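Here the structure is laid out as structure tokens; the discussion comes afterwards.
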Amino acid sequence: MQQQATRETKRREITNIRSHARSGGGIPLRVEGVSKTFISRGRSVEALRPVDLDIAAGEFVCLLGPSGCGKSTLLSIISGLEDASSGRVLADGIPIQGPGTDRIQLFQEAALFPWLDVQHNVEFGLRHAGVPAKERAEIAHKFIDMVHLNGFEKSYSHQLSGGMRQRTAIARALAINPAALLMDEPFGALDALTRDRLQTELELIWRETRKTIVFVTHNVREAVALGDRVIVFAPRPGRIVRDFRIDLPRPRHLEDHDLVDVAAEILGVLTEVIEAQEEEERHGASR
Ligand code: ADP
Ligand code: MG
Numbered sequence: 000m001q002q003q004a005t006r007e008t009k010r011r012e013i014t015n016i017r018s019h020a021r022s023g024g025g026i027p028l029r030v031e032g033v034s035k036t037f038i039s040r041g042r043s044v045e046a047l048r049p050v051d052l053d054i055a056a057g058e059f060v061c062l063l064g065p066s067g068c069g070k071s072t073l074l075s076i077i078s079g080l081e082d083a084s085s086g087r088v089l090a091d092g093i094p095i096q097g098p099g100t101d102r103i104q105l106f107q108e109a110a111l112f113p114w115l116d117v118q119h120n121v122e123f124g125l126r127h128a129g130v131p132a133k134e135r136a137e138i139a140h141k142f143i144d145m146v147h148l149n150g151f152e153k154s155y156s157h158q159l160s161g162g163m164r165q166r167t168a169i170a171r172a173l174a175i176n177p178a179a180l181l182m183d184e185p186f187g188a189l190d191a192l193t194r195d196r197l198q199t200e201l202e203l204i205w206r207e208t209r210k211t212i213v214f215v216t217h218n219v220r221e222a223v224a225l226g227d228r229v230i231v232f233a234p235r236p237g238r239i240v241r242d243f244r245i246d247l248p249r250p251r252h253l254e255d256h257d258l259v260d261v262a263a264e265i266l267g268v269l270t271e272v273i274e275a276q277e278e279e280e281r282h283g284a285s286r
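Under the numbering used here, think of the first position of the sequence shown as 0, with each following residue one higher.
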């Protein structure tokens, strides 16, 4: 019975991967009353106060806020790597039960397999799903091409720059045809130039694949350059304070006047949030 179920899952994974050529495309994500309280060393930390969030299929949503406001926690709950204390997440209308190949999370440090070259890193998920070698190579080629890593197929992680490692991680994620990419400060460790280039490339990849993207950042301009929406978080406890719709035309450039204006407005809101928090804590301390 179990074996049959596993075979059925595998068959569905392969069918999904093979549908690359036809569609790709994103799914809607719905966060309903999701909260998270961590208990560590006898103390409880309210990382997220109940959050509601509706993300449309193919939407690019940025989660923005200072560190400690629950962005990573929410992203990990959406990916299924972390359980919510209350509430639930629906992916394409179905409550998630844990991690799945429909939602892939990417981190600041691209966790490549150091014993595999770029080609085999990108093929990894396909191999696991049982996709035949020739087809694996074709799919890997398509995504290595998409992230501009042609010529580096045989390079290992330690031979790549940070940007190239992150490109490999993006190709590896795309290869298994997830409907949603959940990106946690993926460009946070890169130099400014590489970061700019990868932002531009990610926007192009998103336009080509129409995946749903949830992108965590504490960089206001990055959020405004990429997002259809920018969701502003406040800390202690982590919560959503504003939901900005960014109607600027694409492709966007960091130096565009309109972009700079919108970023300034959002930065204003963010500054108010942080100042209000500091004020509250000062009062708390003097009480
Ligand atoms: P962000 O990504 O916005 O910086 P996080 O989601 O990482 O914020 O963290 C939100 C809050 O939850 C912080 O106060 C953090 O210290 C706390 N936190 C996160 N993960 C854990 C954990 N595993 N155990 C205890 N506290 C945690
Ligand atoms: Mg974080």
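Even for Gly, the Cβ is constructed at its ideal location relative to N, Cα and C.
Owing to the predicted nature of the structure, the values given are computational and were not obtained by experimental measurement.
In the same chain as residue 84, and ignoring 5 residues on each side of it, the C-beta atoms closer than 7 Å to its own belong to 34, 35, 36, in chain order. Look at residue 243 here: in three-state DSSP terms it is strand. The bridge partners DSSP lists for residue 35 are 47. Distances from the alpha-carbon of residue 26 to those of 278, 47, 101 put 101 closest. One Cα belongs to residue 163, the other to residue 282, and the distance between them is close to 47 Å. For residue 156 and residue 115, the gap between their C-alpha atoms comes out near 8 Å. Fewer than three Cβ pairs drawn from the stretch 115-124 and the stretch 189-206 lie within less than 8 Å of each other, which leaves the two stretches out of contact. Residue 181 sits close to residue 103, with the two beta carbons spaced by under 8 Å. The stretch 170-197 contains, as complete beta strand (DSSP E) runs of 3+ residues, the segments 179-183 (chain order).
With fewer than 16 other CB atoms across the displayed protein chains lying within 10 angstroms of its CB, residue 38 is exposed. The residue from 133, 269, 165, 232 with its alpha-carbon nearest to that of residue 145 is 165. Between the stretch 249-256 and the stretch 89-97 there are fewer than three inter-stretch CB-CB distances shorter than 8 Å, so the stretches are not counted as touching. Remark: C-beta atoms of residue 213 and residue 261 do not approach each other more closely than 8 Å. CA-to-CA, the gap between residue 112 and residue 227 works out to about 33 Å. Closest in C-alpha terms to residue 67, from the list 215, 267, 241, 251, comes 215. According to the DSSP assignment, residue 85 belongs to no alpha helix (DSSP H) but to the beta strand (DSSP E) extending over 85-90.
Rounded to the nearest whole angstrom, the CA to CA distance from residue 161 to residue 185 is 10 Å. Distances between the C-beta of residue 78 and the heavy atoms of ligand 1 are all 7 Å or more. Counting along the chain, residue 219 sits inside the alpha helix (DSSP H) bounded by residues 219-225. Within 7 Å of the C-beta of residue 71 there is at least one heavy atom belonging to ligand 1.
Between ligand 2 and the CB of residue 215, the shortest heavy atom gap is smaller than 7 Å. At a Cβ-Cβ threshold of 8 Å, residue 232 and residue 63 count as neighbours. In this structure, residue 208 lies away from residue 58, with their beta-carbon atoms at least 8 Å apart.
In this structure, residue 51 lies away from residue 79, with their beta-carbon atoms at least 8 Å apart.
The closest heavy atom of ligand 2 lies less than 7 Å from the beta carbon of residue 183. Judged by beta-carbon spacing, residue 105 lies within the 8 Å limit of residue 172, meaning their Cβ atoms are closer than that value. In this structure, residue 226 has its CB at a distance of at least 7 Å from all heavy atoms of ligand 1. Counting of Cβ neighbours within 10 angstroms places residue 30 among the buried residues, the total reaching 16 or more. Bridge partners of residue 99 according to DSSP: 102. In this structure, the CA atom of residue 240 is about 28 Å from the CA atom of residue 108.
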